[in-house]
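Enquirer: The numbering of the sequence shown is my numbering, which starts it at 797 and goes up by one.
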Amino acid sequence: MLNVLTWCDHEDPELLGPFEQANKVRVHFKDIDSTSAVRTILRQSQAGDWDVVIMEETAAPQLAAAGLLMPLDPADFPSDTVPAAIASPASGSYQGRLYSVPEKYGFHAVAFNQAHVSAQDMQDINAVWQPRYHGHIAIYDSYLPILSYIALALGLDPAHLTDADLPALQGRLAALRANATLVGDTASVQQALADGVVDIVVGGGAWTTAGVGEGGTVSTPTAHSDTATQRPDLTFTLPRQGGIRWQHGISIIEASQRKALALAFAQYLRTPAAQARLATSSCFWGMPASTSAPLDADMKAALHWDQQPAYIAASHPFPVLDDAMDTKLHTMWDKVMKNAAAPDQPGGGDNGGETAQP
């Protein structure tokens, strides 16, 4: 058995089946909802409990510094089909050694129903604070990407926030919460947008819209159909001020007793077929790291395939903050959500980590 800590998009039988059959092994997975949860699980585990972890790639150096990850050989993961900014080893390296390689990415920006919302309007990151959108907004329930996105709206660098920036951040967060109908996790905001409960998801991206049909369900290719259906009026964009880029990375646990099998699984996830299955997961869609993933024209359109060079250039990597600033932002999020002036509406629950899935 291979034991994997992962997001929900890695659990589809269509993804795991070919690897399990080829290697005569069963992949056992445990859902993670944050990178802090990964740290806790690994530090409380016994040697051999876990083999592979798939998480936000920027978290890898901290785990590597704690001796929890195995160094990787770049030669085992050719990157000629991966965009240079995505393939860059900077995010997944520690002291000059590689500990994580990318396999899926996407953006925290803005998703919307273009039948009701002007695409041109959504090119301005500040539009979601306008009174005309009051009651038509959902906020993705993850404090770090949303506060980082708000930082961009304020003209700040999300990776270099200071105490002097906090009052402005809190004020804009409170104003955004007051304009929103709900704060929810991946499935909640997908469903709210698909059902017409809201017209805009702040923090949304392809994971919110691509492949999402009525009721917020995500449809995926099957043996009988290579094209997943999607709501044609749902889309997403990065405003001209930019967005936040999340990036899943694959790492191997240092204490694994199945390192060869773990490496084989990591390499499998980078194959074209596995990349396509990851891109169109039943949990949420996202961009495959490799451009060789065999996706059809409709799938690529839903993911905004042709816009990726511009989106990557305009986006900021997921920020890495020191513990003190991270705690201050988390506390700010809790305070604003608990004090939100909308007692009759769904609350702004806390997900307890730097980045909830995706």
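Glycine included, C-beta positions come from ideal geometry on N, C-alpha and C.
Pull up the CB-CB distance for Ala-1058 and Asp-917, whole angstroms please, since I reckon it's below 8 Å.
Expert: Contact doesn't hold; Cβ gap of about 47 Å is too wide.
Enquirer: Could you check whether Met-1128 and Gly-902 sit closer than 8 Å to each other, using their CB atoms as the reference points?
Expert: Not a contact, by the Cβ cut-off of 8 Å.
Enquirer: Just the C-alpha distance for Gln-1037 and Gly-999, rounded to the nearest angstrom, thanks.
Expert: Roughly 14 Å separates the two Cα atoms.
Enquirer: On the DSSP bridge assignment, give the partners of Pro-1113 in chain order.
Expert: Answer is Arg-1041, bridged to Pro-1113.
Enquirer: Looking at C-beta atoms only, is the number of pairs between the stretch 970-977 and the stretch 1036-1056 that lie closer than 8 Å three or more?
Expert: No: fewer than three Cβ pairs fall under 8 Å.
Enquirer: Would you tell me roughly how many angstroms separate the C-alpha atoms of Val-834 and Ser-938, rounded to the nearest one?
Expert: Spanning the two alpha carbons is a distance of roughly 16 Å.
Enquirer: Less than 8 Å separating the beta-carbons of Tyr-936 and Val-1008?
Expert: Cβ distance not < 8 Å, so Tyr-936 and Val-1008 don't count as in contact.
Enquirer: Which one of Ala-818, Phe-1080 and Thr-802 has the shortest CA to CA distance from Phe-825?
Expert: Comparing Cα positions, the closest option is Thr-802.
Enquirer: Identify which residue in Cys-1079, Val-1116, Leu-943 and Ser-1088 has its Cα closest to the Cα of Ala-1072.
Expert: Measuring from the Cα of Ala-1072, the nearest candidate turns out to be Ser-1088.
Enquirer: Going straight from the alpha carbon of Leu-798 to that of Leu-811, what length do you get?
Expert: Their backbone Cα atoms lie some 14 Å apart in a straight line.
Enquirer: Could you work out which residue in Ala-990, Ser-896 and Gly-980 is closest to Ala-883 when comparing CA atoms only?
Expert: Comparing Cα positions, the closest option is Ser-896.
Enquirer: Is Gln-1063 near Phe-1114, with beta carbons less than 8 Å apart?
Expert: No; because the gap between Cβ atoms is not below 8 Å, this pair is not in contact.
Enquirer: Give me the Cα-Cα distance between Phe-815 and Phe-1032, rounded to the nearest whole angstrom.
Expert: Taking the straight line from one Cα to the other gives about 33 Å.
Enquirer: Mapping DSSP to helix, strand and coil, what is Asp-1157?
Expert: For the chain, the structure presents residues 797 to 1154; residue 1157 sits outside this window and is missing.
Enquirer: Quick one: give me the first and last residue of the alpha helix (DSSP H) that Phe-815 is part of.
Expert: Element bounds for Phe-815: 809-819.
Enquirer: Should Thr-977 go down as buried or exposed, given a rule of 16 or more other Cβ atoms within 10 Å for buried?
Expert: The residue is buried, with at least 16 neighbouring Cβ atoms inside 10 Å.
Enquirer: Have a look at Ile-1040, Val-913 and Val-993 and flag the residue whose alpha-carbon is nearest the alpha-carbon of Ala-955.
Expert: It is Ile-1040 whose Cα lies nearest to the Cα of Ala-955.
Enquirer: Hey, out of Ala-886, Ala-949, Gln-817 and Ser-841, whose CA is closest to Gln-858's CA?
Expert: Of Ala-886, Ala-949, Gln-817 and Ser-841, the residue nearest in Cα terms is Ala-886.
Enquirer: Have a look at the DSSP bridge pairing and note the partners of Gly-902.
Expert: BP columns for Gly-902 point to Trp-1042.
Enquirer: Going by Cα to Cα distance, which pick from Arg-822, Gln-1103 and Ile-828 is closest to Val-849?
Expert: Nearest C-alpha to Val-849: Ile-828.
Enquirer: Buried or exposed for Gly-892, please, with buried defined as at least 16 other CB atoms from any protein chain shown within 10 angstroms of its CB.
Expert: Exposed, by the Cβ-count rule.
Enquirer: In terms of residue numbering, what span does the alpha helix (DSSP H) encompassing Ala-861 cover?
Expert: Note, Ala-861: alpha helix (DSSP H), 856-861.
Enquirer: CB-CB under 7 Å to Asp-1029, same chain, minus the five flanking residues each way: which ones, in chain order?
Expert: Excluding residues within five positions, the ones whose Cβ falls inside 7 Å are Asn-909, Gln-910 and Ala-911.
Enquirer: Quick one: complete beta strand (DSSP E) runs, 3+ long, within the stretch 935-968?
Expert: For the stretch 935-968, not a single whole beta strand (DSSP E) run of length 3 or above is found.
Enquirer: Among Ala-974, Gly-888 and Pro-941, which has the Cα closest to the Cα of Gln-926?
Expert: Ranking Ala-974, Gly-888 and Pro-941 by Cα distance to Gln-926 puts Ala-974 first.
Enquirer: Give a yes or no on whether the C-beta atoms belonging to Gly-1045 and Gly-888 are separated by under 8 Å.
Expert: It is a contact, given that the beta carbons lie within the stated cut-off.
Enquirer: Cβ of Ala-1006 within 8 Å of Cβ of Ala-1098?
Expert: Closer than 8 Å, so yes.
Enquirer: Starting from Thr-1005 and walking both ways along the beta strand (DSSP E), at which residues does that stretch end?
Expert: No beta strand (DSSP E) holds Thr-1005; the alpha helix (DSSP H) holding it covers 1002-1005.
Enquirer: Quick check on Ala-1036: does DSSP put it in helix, strand or coil?
Expert: Note that residue 1036 is Arg in the sequence shown, not Ala. In this structure, Arg-1036 counts as coil in the three-state DSSP scheme.
Enquirer: Alpha carbon to alpha carbon, how far is Asp-1094 from Thr-1018? Give it in angstroms, no decimals.
Expert: With a pLDDT of only 42 at Thr-1018, under the threshold of 50, the placement of this residue in the model should not be trusted; the figure read from the coordinates follows. If I take the Cα positions, the gap works out to 15 Å.
Enquirer: Using beta-carbon positions only, say whether Pro-1035 and Ala-907 come within less than 8 Å of one another.
Expert: The answer is no: Cβ separation not under 8 Å.
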